[in-house]
């Protein structure tokens, strides 16, 4: 049972990356989602996997699909719609839950609705992905020996963004006001002018705008920090908002697109500033090693707690980052400077 993993939304763009990596590492897979035909097509690539179609509006089909597994990975957005019914199934069955949500409201809802229900029972980890999870890991590693942090700034630079259908659907569904974390509390985002940030090669200098995503929620839930800001390169946001921007196309043996990313986290305390950087290729593809390393650590018992949590809180963040393959993501050493 411990090696049987259910992937809901397995045939989606990011789901396929996760299925491929789990299969490579020898896990028994349950391919699940709403579309039986798409599941059967995916099974042709993974003949040893099982197919169990399920619908979020039918609790019995969800329980049937996930029964006998140890972990559910929810890859099917919008998570505003899918997270709650799948988590309810996980609680009924007593199995762990992970999702990939970049949606602030969806992640906040998970913490508010399920913290008491999941306590001392199962792990519920929302936003264990490029957005949400990676910034959380980097921030936690950067400040782990600080009792309190004045400010964490996360700069996300993409050389382009070819959004998937799922990304566009989520954008259409997510009409809630964005939240930032200021003076130790969540607040509605105020409009701020763009600034320049040097992401170094291959991204270079980009204009960035304040765009809080799910890492605002994940980080603020467990780090003692006064202010958190997230910035995204304007060019990638322009791509996302352009209806004519095509979906990502595979360019290598891992089916990654040619997109490159850089995430730099800068933390400040008193007169000390620290920074750490992550470079990689394809924001969708890099979610797979983050999720699969999460699975590996749950299966091997390397967890600090149960209940609703984040990958930065429940694991040793520095060790987690160091364990990632450099072909997937390159993590810099932490730099520290004294401010005037």
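In my numbering, the protein residues as written are 3 to 342. Note that the Cβ used here is the ideal one computed from N, Cα and C, for glycine as well.
Residue 277 is a Cβ neighbour of residue 337, given a cutoff of 7 Å. Using a 10 angstroms sphere on the CB of residue 142, the tally of other CB atoms reaches 16 or more, which defines it as buried. Under the three-state reduction of DSSP, residue 306 is assigned to coil, being neither helix nor strand. DSSP, read as helix, strand or coil, puts residue 189 in strand. In the three-state reduction of the DSSP assignment, residue 327 falls in the coil class.
Under the DSSP definition of a beta bridge, residue 94 lacks any partner. If you look at residue 68, you'll find it in the alpha helix (DSSP H) that goes 61-68. Nearest neighbour of residue 249 by Cα position, chosen from 56, 9, 150 and 168, turns out to be 168. Pairing residue 205 with residue 240 gives a Cβ-Cβ distance that is not under 7 Å. Here the region 85-92 makes no contact with the region 26-39; the two share fewer than three CB pairs at distances below 8 Å. Ranked by how close their Cα comes to the Cα of residue 197, the residues 208, 190 and 187 have 208 in first place.
One alpha carbon belongs to residue 25, the other to residue 48, and they sit about 8 Å apart. Shortest Cα-Cα distance from residue 170 to any of 14, 328 and 330 involves 14. If you draw a straight line from the Cα of residue 108 to the Cα of residue 87, it comes to about 12 Å.
Here residue 285 has 132 and 263 as same chain residues with Cβ atoms under 6 Å from its own Cβ, once five neighbours each way along the sequence are excluded.
Just so you know, the alpha carbons of residue 72 and residue 308 end up roughly 14 Å apart. Note: residue 283 is bridge-paired with 262 in the DSSP secondary-structure output. Residue 50 and residue 163 have their C-alpha atoms spaced approximately 34 Å apart. In this structure, DSSP gives residue 138 a helical state, which the three-state scheme calls helix. Less than 7 Å divides the Cβ of residue 140 from the Cβ of residue 267. Classified as buried, residue 137 has 16 or more neighbouring CB atoms from the shown chains inside 10 Å of its CB. Collapsing the DSSP output to three states places residue 275 in a strand.
Separation of residue 39 and residue 269 (C-alpha to C-alpha, rounded to the nearest whole angstrom) is 48 Å. Secondary structure of residue 56 (DSSP, three-state): coil.
Under the DSSP assignment, residue 20 falls in the alpha helix (DSSP H) whose first and last residues are 15-26.
The beta carbon of residue 326 sits closer than 8 Å to those of 291, 292, 295 and 333, all from its chain and outside the five residues before and after it, given in chain order.
Residues 93 of the same chain have their beta carbon placed closer than 7 Å to that of residue 119, with the five preceding and five following residues left out of the count. Going by beta carbons, residue 41 and residue 53 fall inside the 7 Å limit.
Residue 18 is classed as buried because its beta carbon has at least 16 other beta carbons within 10 Å across all chains shown. Comparing alpha carbon positions, the residue from 102, 166 and 76 closest to residue 251 is 166.
Per DSSP, the continuous alpha helix (DSSP H) segment holding residue 297 begins and ends at 289-301. Measuring C-alpha to C-alpha distances from residue 287 to each of 258, 273, 306 and 275 identifies 258 as the nearest.
According to DSSP, residue pairing for residue 182 in a beta bridge involves 189.
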